[in-house]
Amino acid sequence: MVPAPTVPTARPLAADPDRLFPADPSLRPLARQLYERVADLPIISPHGHVPASWLAEDTPFTDPTSLLITPDHYVTRLLHAHGVGLDALGVGQGPLSEPDARAAFRILCGHWSVYRGTPVRYWLQAQLTGIFGVDVRPSAETADAIYDTVAAALATPAFRPRALFERFRIAVLATTDDPCDDLSAHRALADDPTWTGRVIPTFRPDRYLEVGARGWRTDADLLAETAGTEVGDYAGFVAALEARRAHFRAHGAVSADHSHADVRTDRLSPAEAERLYRLARSGDLTPDEAVALRRHLLWEMGRMSSEDGLVMTLHPAVARNHHRPTFERFGADVGADVPVTAEYVRALAPLLSDFGTHENFRMVLFTIDETTFSREIAPLAGFYPSVFAGAPWWFLDAPEAIRRYRAAVTETAGFGKTSGFIDDTRAYCSIPARHDMARRLDAGYVASLVADGRLEEDEAVEVVEELVTVNPRRAFRL
Amino acid sequence: MVPAPTVPTARPLAADPDRLFPADPSLRPLARQLYERVADLPIISPHGHVPASWLAEDTPFTDPTSLLITPDHYVTRLLHAHGVGLDALGVGQGPLSEPDARAAFRILCGHWSVYRGTPVRYWLQAQLTGIFGVDVRPSAETADAIYDTVAAALATPAFRPRALFERFRIAVLATTDDPCDDLSAHRALADDPTWTGRVIPTFRPDRYLEVGARGWRTDADLLAETAGTEVGDYAGFVAALEARRAHFRAHGAVSADHSHADVRTDRLSPAEAERLYRLARSGDLTPDEAVALRRHLLWEMGRMSSEDGLVMTLHPAVARNHHRPTFERFGADVGADVPVTAEYVRALAPLLSDFGTHENFRMVLFTIDETTFSREIAPLAGFYPSVFAGAPWWFLDAPEAIRRYRAAVTETAGFGKTSGFIDDTRAYCSIPARHDMARRLDAGYVASLVADGRLEEDEAVEVVEELVTVNPRRAFRL
Amino acid sequence: MVPAPTVPTARPLAADPDRLFPADPSLRPLARQLYERVADLPIISPHGHVPASWLAEDTPFTDPTSLLITPDHYVTRLLHAHGVGLDALGVGQGPLSEPDARAAFRILCGHWSVYRGTPVRYWLQAQLTGIFGVDVRPSAETADAIYDTVAAALATPAFRPRALFERFRIAVLATTDDPCDDLSAHRALADDPTWTGRVIPTFRPDRYLEVGARGWRTDADLLAETAGTEVGDYAGFVAALEARRAHFRAHGAVSADHSHADVRTDRLSPAEAERLYRLARSGDLTPDEAVALRRHLLWEMGRMSSEDGLVMTLHPAVARNHHRPTFERFGADVGADVPVTAEYVRALAPLLSDFGTHENFRMVLFTIDETTFSREIAPLAGFYPSVFAGAPWWFLDAPEAIRRYRAAVTETAGFGKTSGFIDDTRAYCSIPARHDMARRLDAGYVASLVADGRLEEDEAVEVVEELVTVNPRRAFRL
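Protein chains in written order, with the numbering used here: chain A, 462 to 939; chain B, 462 to 939; chain C, 462 to 939.
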């Protein structure tokens, strides 16, 4: 480890070993004991956004900014909210020059205080201390020294993607992939005798289901070409999707991920589906018809899941690219996405009436609308054998929100119908800190049930262990 | 008490005397003191689903499964969510054979871990330990022994319904009844000189208001026959409902309960009501017209309540029978009902503008949509003298949810405009545990107000006592 | 101070010095230390409803009831919910006679228990003990003595509005004013060499934007007359609003406040705006058109804010005058307003796409729909430099709700994008208690982050200080 140069005025940076445990002295010791049972267990990450090519190629990370700042919209959005332009952070640009990378890193460190109370601060601090050995608090004064420390580390073999994968104790890592992706990186890993990790693709067909979107016809043509089928009629389109799912299954995929404005699964008659599909092909679909066909296609995805066993994960209800000028300049996924309300109960009734008790069908429900935790998600997961409550996602992927999630979901659905923690991140180095956060918080919640007289200690141990080892494997059929 | 046979590997089962009190050592002693003031006070249960015939006939319960598992969809739904078929639990069948009852009980005990963190586990444990003297944890190994213990108890006079009624210290027990019910069980109890308990019916007219439902015309004909009136026109239908309400009042009813998809009370003109009613009679009503007439009829129910004084309780917004195949095979009320959003403010404006300050009118608002606690229910109860915030209901009838309810409602509506705890259960033996749970949680919440410097200790004592003794009597005019 | 006469049975009334701090012994000492850093700092009140004339004229308050009860619908609504008529509290009447004022005060004191657990009780107690030196608990028996104590105080110079302003350490006080107000009271204060306080107006144009309301044409005519412009066409109407905004700016205004049924900002084409405006002038607008034009006008207000810099504050989604007979008898703002759901994300997209990153534009979002805290408000404030999360408002302006707000907002938006505490009150004497409440609660929340290992103590000090000194000045450009 390269030590950070001394900065006289710098304050220390260190991780509190009891962080995130309940402050209450009657709960903390038990929480700590429970946490210690799971602290070092391997990480199962069944949904995320790290590119498989990083591991296939094992290319060294180029600089601290490209690793920790630019691709992580959690980090960039709050700087933007404090007046920093996204361009200054490298967003929407090619590789950064060293001066630009360093300048962006200075901005982050100089704005360290804006992250107070946020999980971004928590994860960044955990990465700096736990992975890179930084021991001074980020600030304008310490920025360059910290940059140098991290950059020096990244230049060493121990910080290449594969070495970190092993150091992070990752047992399974899922990527998220376009149905037309040839999955060559996954294949390369599978074919590499020196690689023993498990990296699996996830089928993410959103754009092919958004039949009213500009560009859909081109996308559908690409799908046809990739699948080697015709998509002139609805049956052909469905066959193309099925072919690509089979391709993903063959490369290890266990789930298909879906994110649309809603999760309605209203089924159309075959004739109506065919009629709307042909209108989509000719570009004559009205917006309402496009929505109707997309909802039917989501039902169709569920039908396929009941057949091929890909677990269906739902990440709905985000107003994407809320700020038009930002989208026009920087593109998607730069932090300008904002949650809206979600509705699951009526939306999923058609699909769940058809496949909700099908032994081959599994569905994991995610939300960024907390109101659905106790009202909809827990009751659905508490009845349907196929339904699992997904871990808090995105804006809710934070200590207080996770505590609210457990408090809201457990009483109706218990622990066994929850997915286990899902990091869903592009920030590779934050994966251990995120899972560690969840383990600490779950230990605290379970300890509170013991203090409540609702759980015995031996059961508490089983719960925290199963949440890490059993739940994600059960929900994702791993 | 019949002791459970020893099972060598069994873990003990015991109730923590401090269960559900705040863990915080600065709160727990006061919470305990407050609880002790109310722990043994009689139970007032103004809304529930225990059949009056159980008490009228005082028939012994046949077996542990028929008492504790089969009729309780809280219990069966989570087993179903873990892959157990409802048929294996006796749902939708006639009386169970001893082997079938025992087999179902083994399933429950073998799945004990799936209830961790749920109130079902809490209530079952409280019943097993507190009523039946079981002292070993349910498991596959202990299932038969526990079954035998409970079955042996049920065969004794001390476990017949009337003996338990007395043992549970139930002061008032309300049942829920169809308007066409002759209430003979209630009359039998009233006429029985050996019976001194108070068991009152509740008027539940939902099906007669759902004018668009298949079977409504037959139901309305039955209502006419029972009431001895004609229902060929709207006035006759209203008169029939009024007559049955009077019948219920004469048998002790204090409330009418309503559960529809929403609580809108949009009033129709007399001519429009008549027109839609006649269409309903001829079966020519459109779905939209059926909803319009039902909403008008709910206003009419409020109007009647302002005249006859039956407290109007509202339990809206459940998507019933969400899984079509389960409904077709097992019928309603088997755990496949799921909450949806509720709206009270605009929905109730017509009714409350007409009767909200009427001295004879009372309304208790229940919800399974937590978002309405602070946004709608507390503000309505904090202005209208007629409106009370009902206790957490159904999925929210659990420790964490009850804590959220108090924290959300009290600041706007105080304690005095809440209903007191309502168990709303079919699970007879769970009644003491449910009320005890509420008393413990309220003691904890009130203790936190003292620690907050927001309440003096003498006031805290008054609050916890009034919540048990005064509030339900005030809200339900008992 | 005039001591309260001794009432033999009276219980003492005293403020707990540790009130509202976390009970947890591992948090309370740090919370106390943090609070002590800010306890005596000046009050910045950028939004409220105290009349400027009180300070301009410095007239003594007439009696305890007119000061503490009649104008404060927080106080009157809960008495009404317990059966007290608003007429008995002086609502909707002219000045009260001494016997009537005393009788109303007796009602309040006799109903002291109905406020248990509410912030109204907390604020009233803080005022009685902290400002008027009352040391006995209000009750039917102590009512007259307390009335006399308060009345005697009010008759002294130390309790006139200006003396209290100084005693309360108010640095800035914003009033809320009609665009046609000449702001003479603000001018009088500015011109008074003996007055050094800062009292600023707020532009509140709601009624002029509600183009479908009865009376709108008269209002618009008045606006034209006041602004000295013609409002026969849309351009003239816009010019009149701009002229009045300039007038407000010239008198110190920093913000414009808006409260409509929703916050949609759908922009119309110039031709469509003109067409609808002319229909509004002729009274031929349909309700849907009135809503469309009002939403466009709200966008127009945002456009003006981006030009003149008045911070746009949004207080949407209240069903006003819910009980028709109360409105007809007593008018508006008497406690019969009830929250409804709010939607910000899609509603504000047009305005924020146009001005969300404009350096001159600021917007503060308030809500009484808690579900929007983590789902909408925090994500918007966490991306747009112009958007700030407003303090809990109205029904949420209470300890538990404020705790929920911080827990829900901080993880996504941090502290820096929140407005600081806003009292939004007509109850002048409650201002210190309300700000003190917020400072205590924020100290407790920040202490919990330290205990969580998420914040260092030196940072915690900075956060609580900035929330009081920096945040309101930044959000409101003070």
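From the three backbone atoms N, C-alpha and C, an ideal C-beta is built for every residue, glycine too.
Query, Result
"Assigned secondary structure, A/Ala850 (DSSP; H/G/I helix, E/B strand, else coil)", "strand"
"Short Cβ contact (7 Å threshold) for C/Leu826 with C/Leu775", "yes"
"Cβ separation of B/Ala471 and B/Ser600, assumed to be a contact under 8 Å, to the nearest whole Å", "7 Å"
"Identity of the residue in A/Pro640, A/Ala517, A/Asn821, A/Val848 nearest A/Thr657 by Cα", "A/Ala517"
"Residues near C/Leu759 by beta carbon distance below 6 Å, same chain, minus five either side", "Thr726"
"Residues sharing a beta bridge with A/Ile505, DSSP", "A/Val633"
"Cβ contact (3+ pairs, closer than 8 Å) linking the region 840–854 of chain A and the region 825–845 of chain C", "no"
"Contact with chain A by B/Arg785, beta-carbon distance below 7 Å", "yes"
"Cβ-Cβ separation, B/Tyr695 to B/Ala734 (assumed contact under 8 Å), whole Å", "5 Å"
"Residues that A/Asp479 contacts on chain C, provided the C-beta gap is smaller than 8 Å", "Gly914"
"Same chain only: Cβ atoms within 7 Å of C/Ala701, ignoring 5 sequence neighbours per side", "Leu684, Ala685, Ala688, Thr690, Val692"
"Completely contained alpha helix (DSSP H) runs for the region 850–909 of chain B, where each covers 4 or more residues", "860–874"
"Beta-carbon contacts of A/Val463 that lie in its chain and below 7 Å, excluding the five residues immediately before and after", "Because the pLDDT of A/Val463 is 45, which lies under 50, any placement of that residue in the model is unreliable, and the question is left without a value."
"Best match in C/Arg785, C/His819, C/Pro507 for proximity to B/Phe816 [C-alpha to C-alpha]", "C/Arg785"
"Chain-ordered residues of the region 472–499 of chain A with a beta carbon less than 9 Å from chain F", "Given the protein chain composition of this structure (A, B and C), no chain F is represented."
"B/Asp682, DSSP secondary structure in three states", "helix"
"Where A/Pro483 sits in the DSSP three-state scheme", "coil"
"Best match in B/Glu917, B/Ser880, B/Ala484 for proximity to B/Ser506 [C-alpha to C-alpha]", "B/Ser880"
"Residue(s) in a DSSP beta bridge with B/Leu775", "B/His719, B/Leu826"
"Pairwise C-alpha distance: A/Asp501 and A/Arg630", "8 Å"
"Option in A/Phe822, A/Val799, A/Ala810 with minimal Cα separation from C/Ser835", "A/Val799"
"Chain C within 7 Å of A/Gly673, Cβ atoms only", "no"
"Close-in-space but distant-in-sequence residues of the same chain around A/Arg867 (CB under 6 Å, 5 per side omitted)", "Tyr906"
"The region 621–629 of chain B / the region 527–537 of chain B touching (three or more Cβ pairs under 8 Å)", "no"
"C/Val545 - containing alpha helix (DSSP H), residue span", "Note, C/Val545: premise wrong, no alpha helix (DSSP H); not H, not E."
"A/Pro846 vs B/Ala635 beta-carbon contact at 7 Å", "no"
"Chain C contact residues for B/Val924, given Cβ-Cβ distances below 7 Å", "Arg577"
"Residues near A/Leu910 in its chain [Cβ-Cβ closer than 6 Å; skip 5 each side]", "Leu916"
"Within chain C, partners of B/Phe937 - CB distance below 7 Å", "Per Cβ cutoff of 7 Å: no residues; B/Phe937 is ~17 Å from chain C at best."
"B/Phe725 (DSSP reduced to helix, strand or coil)", "The sequence as given places Arg at residue 725 of chain B; Phe does not occur at that position. Reduced to three states, the DSSP call for B/Arg725 is coil."
"Rounded straight-line distance, which links the Cα of A/Gly553 to that of A/Trp584", "23 Å"
"Residues, ordered as in the chain, of the region 831–849 of chain B that lie near chain C by beta-carbon distance below 8 Å", "Thr832, Ser835, Arg836, Glu837, Ala839, Pro840, Leu841, Ala842, Gly843, Phe844, Tyr845, Pro846, Val848"
"Any 3 or more C-beta pairs closer than 8 Å across the region 713–725 of chain C and the region 803–814 of chain C", "yes"
"Proximal chain B residues relative to C/Gly796, where beta-carbon distance stays under 9 Å", "Gly843, Phe844"
"Contact list for B/Val801 against chain A, beta-carbon separation under 7 Å", "Val806, Arg807"
"Residues, ordered as in the chain, of the region 868–882 of chain C that lie near chain A by beta-carbon distance below 8 Å", "Ala868, Ala869, Thr871, Glu872, Thr873, Ala874, Gly875, Phe876, Gly877, Lys878"
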